[in-house]
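Below: one structure, written as structure tokens.
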């Protein structure tokens with residue numbers, strides 16, 4: 011009876027996750043492309059739902075919700091279903107859609123045959139590779155790239171943009187006036203040349219025509235110079251507009267940071283910055299001394315608190331709920347960060363012809379990312395809560411993956427620090443770009 015109740019609860023949550031993945035797909039990703047392929051939509055939504063269910067089962071393991079046997083049963087069902095999607099269904103359908111998009115093979119049976127060959131090659135490569143290296147994502151919680159932007163800076167930027175637009179409009183009007191004068195002069199020259207009354211008149215007309223021709227030639231030269239000036243002004247305008255958009259974005263982020271939600275993310279960013287610093291130090295120690303961490307950060311924090319501050323509290327109770335909060339934060343931020351990244355990545359590479367293939371590739375990446383995240387969450391959990399992952403994944407060399415994670419995490423952390431520092435320097439220099447670009451405008455006038 012308890013198994014049926016647990017199955018009903020997990021089924022309801024799975025339906026909720028499926029609807030969430032489906033709505034995100036329809037409203038965020040495929041809004042401008044109108045994807046009608048149901049297999050693509052269902053594959054993405056089911057992958058998202060199974061990924062969320064794995065995180066949900068880890069949280070249930072920490073809180074001791076549901077029966078242990080039902081948790082393990084649904085954990086294995088989720089893993090097998092995800093394995094079927096990532097190894098069999100999605101790669102096979104990607105190969106089939108690629109063959110249909112390229113239109114190399116038009117016969118349905120031949121298309122299935124070549125699809126099967128491509129899928130077998132993928133399966134062989136997947137088997138030989140065998141090392142899905144996980145990656146650590148970077149969350150945009152930090153305010154390091156923000157600089158002080160006031161309303162006066164925004165208004166000054168708008169004034170400078172308006173001045174450049176007015177200069178460009180005046181020069182375009184000047185070109186139109188010169189072209190109109192040239193057309194009138196050409197008409198006058200043709201009329202005079204068609205009325206040869208006498209020799210003196212023809213001589214006078216030839217002199218007048220040559221003079222008009224010289225004036226028209228000089229006017230065309232002036233037009234070319236003015237067009238060069240216009241192209242220069244338009245380039246300066248594009249630079250000013252780009253800087254203006256950056257200033258508006260920074261101002262919105264500053265205003266958002268003053269709200270309650272912004273302050274929450276600001277505090278959360280400081281928490282994760284401390285956690286990241288601790289993780290960088292531990293990863294560096296693990297690589298240097300060739301060791302694998304045995305104790306999770308929650309247990310370390312509780313031990314340090316008890317030892318140095320002499321606090322007396324229920325360690326088991328606090329460890330359970332602190333682990334629940336930490337894993338919950340990691341789960342929410344992982345899902346949020348991945349969905350934001352998928353949205354940006356899809357808008358960057360998408361097209362109407364290849365959208366189905368790209369959606370399936372995103373579903374494949376999302377499933378692999380969440381599986382690797384579940385594997386790496388194991389080290390952030392106390393030992394008593396790791397059993398569901400250890401038993402569910404079987405005889406897996408966790409130390410191998412955690413050591414590779416330390417290496418990749420350390421490299422990506424150092425790279426991210428460098429990128430954040432460069433963004434900070436560029437944001438500090440964004441205000442000075444207005445003055446430099448505006449000086450160019452004043453010199454060209």
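Residue numbers (the numbering used here): 11 to 455.
Each residue gets a CB set at the ideal place from its N, CA and C atoms; glycine is no exception.
Tell me, to the nearest whole angstrom, how far the beta carbon of residue i is from that of residue j; I am working on the premise that it is less than 8 angstroms.
| i | j | result |
| --- | --- | --- |
| residue 464 | residue 57 | Because the chain in this structure spans residues 11 to 455, residue 464 falls outside the shown range and cannot be described. |
| residue 246 | residue 174 | 6 angstroms |
| residue 171 | residue 251 | 6 angstroms |
| residue 97 | residue 136 | 7 angstroms |
How many angstroms separate the CA atom of residue i from the CA atom of residue j?
| i | j | result |
| --- | --- | --- |
| residue 239 | residue 262 | 34 angstroms |
| residue 118 | residue 125 | 10 angstroms |
| residue 380 | residue 167 | 44 angstroms |
| residue 416 | residue 182 | 60 angstroms |
| residue 9 | residue 66 | Outside the displayed range of the chain (11 to 455) lies residue 9, so it cannot be described from this structure. |
| residue 32 | residue 104 | 19 angstroms |
| residue 191 | residue 244 | 25 angstroms |
| residue 371 | residue 90 | 19 angstroms |
| residue 70 | residue 258 | 43 angstroms |
| residue 55 | residue 29 | 7 angstroms |
| residue 100 | residue 81 | 26 angstroms |
| residue 281 | residue 273 | 12 angstroms |
| residue 432 | residue 260 | 16 angstroms |
| residue 266 | residue 426 | 24 angstroms |
Mapping the DSSP letters down to three states, classify residue i as helix, strand or coil.
| i | result |
| --- | --- |
| residue 273 | helix |
| residue 117 | coil |
| residue 259 | helix |
| residue 46 | coil |
| residue 75 | coil |
| residue 366 | helix |
| residue 300 | coil |
| residue 268 | coil |
Which same chain residues, not among the five before or five after residue i, have their C-beta less than 8 angstroms away from its C-beta?
| i | result |
| --- | --- |
| residue 63 | 20, 23, 24, 27, 84 and 88 |
| residue 420 | 290, 293, 294 and 297 |
| residue 77 | 12, 13 and 16 |
| residue 384 | 64, 65, 68 and 399 |
| residue 270 | none |
Which same chain residues end up closer than 6 angstroms to residue i when comparing Cβ atoms and leaving out the 5 residues on each side of it in sequence?
| i | result |
| --- | --- |
| residue 107 | 366 and 367 |
| residue 47 | 366 |
| residue 60 | 88, 91 and 92 |
| residue 18 | none |
Closest Cβ-Cβ distance between residue i and chain D: below 8 angstroms?
| i | result |
| --- | --- |
| residue 118 | Checking the listed chains, one finds no chain D in this structure; it contains a single protein chain. |
Give me, in chain order, the residues of the same chain whose beta-carbon lies closer than 7 angstroms to that of residue i; leave out the 5 immediate sequence neighbours on both sides.
| i | result |
| --- | --- |
| residue 373 | 53, 54, 57 and 100 |
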